[in-house]
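Notes follow once the structure below has been shown.
What follows is the structure, encoded as structure tokens:
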């Protein structure tokens with residue numbers, strides 16, 4: 011099996027058996043909903059932060075295998091990270107998606123399977139939609155903390 015087939019297999023596994031899927035009716039989570047009108051992907055991401063640490067990430071949405079699997083991978087990759095570390099991981103994921111060099115000491119695990127997405131510009135939004143929703147949630151959380 012070559013690396014491309016392995017990556018495809020990981021994507022399909024997260025698509026068919028998503029981790030942390032399902033939204034919870036709980037106002038202690040920051041919830042962000044985003045959609046990609048160009049292809050119909052929609053995602054809602056919920057983030058719970060306690061003591062500057064991401065304790066829970068939930069997601070729910072519809073879309074292509076890249077979008078939905080990426081939401082699952084994002085939830086696994088960023089859960090239990092500090093807010094600062096999660097921001098670093100986000101930055102490295104965006105570098106990877108653009109086809110730029112990324113730091114494998116920061117971006118680990120299944121997230122690297124999206125490396126090939128850079129070759130398909132129309133798919134970049136699919137792969138990053140859940141990550142963008144997470145990023146917006148974190149920005150809102152940090153803003154709420156500043157405003158006390």
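In the working numbering, the protein residues as written are 11 to 158. Glycine residues also receive a C-beta, built at the ideal position from the N, C-alpha and C atoms. Fair warning: this is a prediction, and the values are worked out from it, not measured in the lab.
(request) Taking the CB atoms as reference points, tell me whether residue 107 and residue 87 lie closer together than 8 Å. (result) No, the pair does not count as a contact, with Cβ atoms beyond the cut-off.
(message) Mapping the DSSP letters down to three states, classify residue 117 as helix, strand or coil.
(response) Three-state DSSP puts residue 117 in coil, outside helix and strand.
(request) Please classify residue 94: does DSSP put it in a helix, a strand, or coil? (result) In the three-state DSSP reduction, residue 94 falls in the helix class (H, G or I).
(request) Return the chain-ordered list of same chain residues with a C-beta closer than 6 Å to the C-beta of residue 79, the five sequence neighbours on each side being excluded. (result) Hits under 6 Å: 21, 24, 25.
(request) Alpha carbon to alpha carbon, how far is residue 144 from residue 89? Give it in angstroms, no decimals. (result) 11 Å
(message) Let me check understanding here. Comparing Cα to Cα, which of 82, 97, 41 lies closest to residue 62?
(response) Checking every option, the nearest Cα to that of residue 62 belongs to 97.
(request) Determine the closest residue to residue 43 out of 130, 152, 116, 72, with distance taken between C-alpha atoms. (result) With distances taken between Cα atoms, residue 43 lies closest to 72.
(request) Go through its chain and collect everything with a Cβ distance to residue 45's Cβ below 7 Å, but skip five positions before and after it. (result) 51, 52
(message) Considering only their Cβ atoms, is the gap separating residue 121 from residue 103 smaller than 8 Å?
(response) yes
(request) Report yes if the C-beta distance between residue 147 and residue 83 is below 8 Å; otherwise report no. (result) No.
(message) From the DSSP secondary-structure annotation, give me the bridge partner or partners of residue 44.
(response) Per the DSSP secondary-structure output, residue 44 pairs in a beta bridge with 53.
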